[in-house]
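Worksheet: the structure to be examined is printed underneath.
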Amino acid sequence: MKKTVSMFILCSMTLPSLVAQKRPIDHSSYDIWKNISSADISKSGNHIFYTVSPQEGDGYVELKDQKNRLLQRFERGTAPKMTKGEDFLITLIKPAFKDTREAKIKKKKSEDFPKDTLTIFKLENREQVTFGPIKSYKLAYDATNYLAYTQDIAKSTEKTDSTKNKTDSSSNAKKTPPAKKENVLVLYNLYKKDTVQFWKTDSYFFSNDEKYLAFTKKTGPKDSSDIDGLYLYDLAKKSVKKISNGKGVYKNILFDDQSNRLSFLADKSPDKALQKDFKLYLYNIGQQDSAHIIVDKNTKGVPTEWYVSGDGQLGFDQKSDRLFFGLAPIPPVKDTTLVEFENAKVDIWHWQDDYLMTQQLVNLKRDLGKSYDAVYNLQSGQIIALIDDSFDRTSYTDDATQEWILATSTAGNRIAYQWQAYQLQDVYAISTRTGEKRIIKSKWQGQAHLSPDASYIVLFDETNGNWYSHEIASGNEQLLNKGLQVGFANEENDMPTASPSYGIAAWAEDNKGIYINDRYDIWYFSLDGKKQKSITNQFGRTNKIVFRALLIKDGTPRNRTAKIKENTALWLTSFNETNKENGIFSLMPAKKQNPKEIIQDKFTFKNFKTDENGKVYIYTKENYTSSPDLYVNKDFKIEQRLTDINPQQEEYNWGTAELIAWTTPNGHQAEGILYKPENFDPNKKYPIIAYFYETLSQGLYTYQAPAPTPSRLNIPYYVSNEYLVFAPDIHYQTGHPGKSAEEYINSGMRYLAKNTWVDSTKMAIQGQSWGGYQVAHLITRTNMYAAAWTGAPVVNMTSAYGGIRWGTGMSRQFQYEKTQSRLGATLWEDRDLYIENSPLFFMDQVTTPVAIMHNDNDGAVPWYQGIEMFTALRRLGKPAWLLNYNGDDHNLIQRQNRKDIQIRQSQFFDHFLKGKPAAKWIKSGVPATKKGIDWGFDQQ
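According to our numbering, the sequence shown is numbered sequentially starting from 682.
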């Protein structure tokens, strides 16, 4: 087995006397823990740059070369970008955290908050230029010479009086009023350092090749200067031209690939117009004085009572022969003569509506902005409406030059989504030349994908687990995996619904084939159905190693489709299901051979980026004891560590993670992760907490930063404070999720309790959401736990079944019939199952003290479920606490709430598992009269 070769060697002290000196993590430790983001490598592979951010405080950007030499560090930098020629690095500089915090404390207006600045670093001579404060900045895709940014600049309304004594401080001196600030667009030449300013700008866009800068100007309603409109600046000629005039809304400004044409949407209706009237404009650069309207609601080809949608996306094909845009039905106009207080406000639910009223309201803004694809032929002027409002989705090739697109419609099949969690769909191929719609599949349950040259539609059938190819021209269809004894549907799916596929790995470079994943391996299928081959030689299935193609897109605007070259070496990521190790393998797709192991180690590798030649890679590498730092590796031969973002970890009593295996009472082989403190002593007894959801063992080699969590167990905190933490995998039997939780969680805890170093009288459980439900169920079935903490639990499946997920507006019925709750039946088909799996009906059996977190803005589980649990336990005289973080969501969003719950949870477990004095909130609560005054943290 090959391990990673590292040029950065850590020496760790493991003597018990030294480990004992390390301090435990406390709640003040979180803010300093850092993470890496925005990591990237230049096209040549010579430069690497990234952002390092603490959980709270000021971060920084670093720029290094391939040999790990630090070229520059930018304090408070974020989101760095490099120009195409690699001469400049540009980064935003955030205000100091303390200054922003102070502005919040003083409740300053947003315009008075500290602002970002912009730093430009020239690599050749290390020269640094900073502008600010700025509001935004942009680079062209092929940025070489310019950048543009906006800022507010004060412009005095008074004329300068050259005769005025500037030092006059007498009481008669007239005070100058504050100058009014205006939004200014600044174009900056990176090499010459000169600038061009454009005042009163609104939005701005570069062409991809950096030839042009388009921008809009917008003034107030009382401004009669006639400067509103769309402008085009030619960067080579240094000339500006107004290409569309008039006040209004200008949107979706788009250049074609050759920068010969520009299109946009504009609505120049009066401000008080009740209905917008967008029009599609085209400007042929260098050939016309101004942009002209090519489509409006009266243009031939636009359906009656439809108009150009202001929310539709624009897109040229690669050859600039066609322009795609959106149409939409003209909405009715509200009668403004009606007196508002004399009219009812009512939502009318109808049993035959496509979607529940709650979904309609949640998605109202989206639905009002829906548009439907159309195409404008730039040679003939012909307009074709490609789809109408019965369609849901369209798919194009990368260059959009082919005749056919893929479209799907769920019309007539939408109501059942309420309980199925999927919609049957009709699959079409639609001609962009004629508008012809060819039905490919009716009432299809599965996925559909358009091939890169639009010759085929590839389909996965969830009802039988097969892949098919459908040739659009001939209508011929092939079963791609014909005769194979390998399954391509999720083999581990334990939900009572059809299994999804493992997905497409990539398309063949010649567009004649497709690469498809099974559970372990990658298969090649020719689209004509004549060839099929496991390019990984089924080595994955033989050795229980999951292989996936490591394909990194280069960011080119039209390079969205992943492709595999048959005669080019292919890198694979690997995951060993048995020992949970991760790694990198290589193979030549054209050859029949086993993948070659390059790296296989007790780490997790993530966030891969590469240079333009695919030779130099950067990635993060982590496991439970190693923070996710950034590494560079050339051809995956010698790895070099670039960062050490959390050196403070060495000061703390950390921990270890190990894989545990046992057999459940019904004979199932089970796995889980056991976390132990770094100073673990087998001669001591430790309290233990089980944290669970579904399966977690795949994260054996994943780092967990100490952080105030959304309400999950903060594992590194508890381990550092000399708790054992156990994370068991759970596999479910349809109809009996509660019993399945008992089968795996309780048996795993009993297995661990056989060890002398586990205190079987001090065991606890914690879970959030689905895990919270399982906590609630377990405490009604056993008294083996000394304490329990449940977050957002469902305790009454009979009432939750008809409830609403308020974040989406969806009914919760699908969850019980088809997905996570796994009952597999309606409430009326098997009422007893709903009662069996509803902890509420068995609360009289509870003996375990339990804390409940359920928040009044929970968008997933109605918070009355937490109330039902609390009031039941209160009625029965059982010890229970309910925390409601006002206005917060299913998983806590606000950091101050996350910090609060970490303190309360640790006080709770410390009291019941370690015998520490109960905090005031545990012993006597905090009445509403003292809310915000006394938090109840004091231990009594």
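Note that CB positions come from ideal geometry on N, CA and C, so glycine has one too.
Taking residue i and residue j to be in contact with their CB atoms under 8 Å, please state how far apart those CB atoms are, rounded to whole angstroms.
{"i": "residue 935", "j": "residue 887", "result": "Contact doesn't hold; Cβ gap of about 12 Å is too wide."}
{"i": "residue 1245", "j": "residue 1317", "result": "The pair is not a contact, with the Cβ atoms about 18 Å apart (cut-off 8 Å)."}
{"i": "residue 828", "j": "residue 871", "result": "7 Å"}
{"i": "residue 1520", "j": "residue 1457", "result": "4 Å"}
{"i": "residue 1233", "j": "residue 717", "result": "Not confirmed; about 17 Å, so no contact."}
{"i": "residue 867", "j": "residue 876", "result": "5 Å"}
{"i": "residue 913", "j": "residue 1001", "result": "The Cβ separation is near 17 Å, so there is no contact."}
{"i": "residue 1529", "j": "residue 1468", "result": "7 Å"}
DSSP on residue i, reduced to helix/strand/coil?
{"i": "residue 953", "result": "coil"}
{"i": "residue 1328", "result": "helix"}
{"i": "residue 864", "result": "strand"}
{"i": "residue 1591", "result": "helix"}
{"i": "residue 846", "result": "The predicted model places residue 846 with a pLDDT of 39, which falls under 50 and marks its position as unreliable; any figure quoted below should be read in that light. Residue state, collapsed to three classes: coil."}
{"i": "residue 1391", "result": "coil"}
{"i": "residue 838", "result": "Caution is warranted here: a pLDDT of 45 is assigned to residue 838, below 50, making its placement in the model unreliable, and the coordinate value is therefore given only provisionally. Coil."}
{"i": "residue 945", "result": "strand"}
{"i": "residue 1278", "result": "strand"}
{"i": "residue 742", "result": "strand"}
{"i": "residue 1431", "result": "helix"}
{"i": "residue 1322", "result": "strand"}
{"i": "residue 1599", "result": "coil"}
{"i": "residue 854", "result": "Because the pLDDT of residue 854 is 49, which lies under 50, any placement of that residue in the model is unreliable, and the number read from its coordinates should be weighed accordingly. It is coil, neither helix nor strand."}
{"i": "residue 1607", "result": "coil"}
{"i": "residue 804", "result": "coil"}
{"i": "residue 1343", "result": "strand"}
{"i": "residue 1125", "result": "strand"}
{"i": "residue 1302", "result": "strand"}
{"i": "residue 1618", "result": "coil"}
{"i": "residue 706", "result": "coil"}
{"i": "residue 1418", "result": "helix"}
{"i": "residue 1158", "result": "strand"}
{"i": "residue 720", "result": "strand"}
{"i": "residue 1701", "result": "With the chain covering 682 to 1621 only, the question about residue 1701 has no answer from this structure."}
{"i": "residue 962", "result": "strand"}
{"i": "residue 1613", "result": "coil"}
Could you name the residues that DSSP lists as bridge partners for residue i?
{"i": "residue 1137", "result": "1152"}
{"i": "residue 726", "result": "None, per the DSSP bridge assignment."}
{"i": "residue 1130", "result": "1139"}
{"i": "residue 1167", "result": "Per DSSP, none; premise fails for residue 1167."}
{"i": "residue 1118", "result": "1111"}
{"i": "residue 1358", "result": "1336"}
{"i": "residue 1409", "result": "1353"}
{"i": "residue 1088", "result": "1075 and 1109"}
{"i": "residue 1254", "result": "1229 and 1265"}
{"i": "residue 1371", "result": "1407 and 1446"}
{"i": "residue 1492", "result": "1485"}
{"i": "residue 920", "result": "915"}
{"i": "residue 1508", "result": "Answer is none; residue 1508 lacks a bridge partner."}
Could you tell me whether the Cβ of residue i comes closer than 8 Å to any Cβ of chain D?
{"i": "residue 833", "result": "Chain labels in this structure do not include chain D; a single protein chain is all it has."}
Can you check the region 1442–1475 for any alpha helix (DSSP H) of at least 4 residues that lies completely inside it and give the ranges in chain order?
-> 1451–1459
Which ranges would you report for the beta strand (DSSP E) in the region 870–900 if only whole runs of at least 3 residues count?
-> 876–880, 882–887 and 893–898
Counting only runs that start and end within the region 991–1077, where is the beta strand (DSSP E) found for 3 or more residues in a row?
-> 1003–1010, 1053–1058, 1064–1066 and 1074–1076
Could you tell me whether the region 1546–1554 touches the region 1576–1588, where touching means 3 or more Cβ pairs closer than 8 Å?
-> no
Spell out a yes or no on whether the region 1020–1028 and the region 933–948 are touching, meaning 3 or more CB-CB pairs, one atom from each, closer than 8 Å.
-> no
Taking only runs that begin and end inside the region 1531–1586, name each unbroken beta strand (DSSP E) of 3 or more residues, in chain order.
-> 1531–1534 and 1561–1564
Touch test, the region 1084–1092 against the region 1109–1117, Cβ-Cβ under 8 Å, three pairs minimum = yes
Do the region 1527–1546 and the region 1501–1516 meet, that is, are 3 or more Cβ pairs less than 8 Å apart?
-> The answer is no - the region 1501–1516 does not touch the region 1527–1546, with fewer than three Cβ pairs under 8 Å.
Identify every run of the alpha helix (DSSP H) within the region 1176–1248, keeping only runs that are complete inside it and at least 4 residues long; order them along the chain.
-> Counting only runs of 4 or more, we get 1220–1224.
Is the region 890–910 touching the region 918–934, taking contact as three or more C-beta pairs under 8 Å?
-> Touching, per the Cβ criterion.
Taking contact to mean at least 3 C-beta pairs separated by less than 8 Å, is the region 1248–1266 in contact with the region 1276–1283?
-> Short answer: they touch.
Do the region 1168–1177 and the region 1495–1509 make contact, defined as three or more Cβ pairs closer than 8 Å?
-> yes
Fully enclosed by the region 740–787, which beta strand (DSSP E) runs are 3 residues long or longer?
-> 741–746, 751–756, 758–763 and 769–774
Between the region 772–780 and the region 746–764, do at least 3 Cβ pairs fall closer than 8 Å?
-> yes
Pairing CB atoms from the region 1562–1578 with CB atoms from the region 1426–1443, are three or more of them under 8 Å?
-> no
Three CB pairs or more closer than 8 Å across the region 1296–1312 and the region 1380–1390 | The region 1296–1312 vs the region 1380–1390: in contact.
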